[in-house]
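Here the structure is laid out as structure tokens; the discussion comes afterwards.
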Amino acid sequence: MMRTPLLIAGAAMAALIALPGCGSRQKLTAVEGVTPVPPAYGAAAAAGPNELLQPSTQSRPERNVELRRKSEARADDPFDLPPE
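Note that the working numbering has the sequence shown beginning at 8, numbered continuously upward.
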């Protein structure tokens, strides 16, 4: 009966010790023997590590915080068709 709490406590301690290493942030370096990624079509040069780490506008869009003061009627939706 005493083994179960000790096993749970041991597993929790192991997780607390191991997990901080998972989120380490280091500079990206090229691996030897691997060809770099070719530049994107239309780009002058291939993106470097710092450019690849920056999220694009599409992946992190800005919030549109437009508060409504009162309810408004919706415009007619031409694609809202009844089922066939």
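For glycine and all other residues, C-beta sits at the position ideal for the given N, C-alpha and C.
Can you grab the Cα-Cα spacing for the pair residue i / residue j, in whole Å?
{"i": "Q65", "j": "V72", "result": "17 Å"}
{"i": "E69", "j": "L14", "result": "46 Å"}
{"i": "V38", "j": "P56", "result": "12 Å"}
{"i": "P12", "j": "Q33", "result": "37 Å"}
{"i": "R27", "j": "P46", "result": "Going by the sequence as given, residue 27 is Pro instead of Arg. Roughly 34 Å between the two C-alpha positions."}
Is residue i near residue j, with beta carbons less than 8 Å apart?
{"i": "V41", "j": "A53", "result": "no"}
How is residue i classed by DSSP in three states: helix, strand or coil?
{"i": "N57", "result": "helix"}
{"i": "T11", "result": "helix"}
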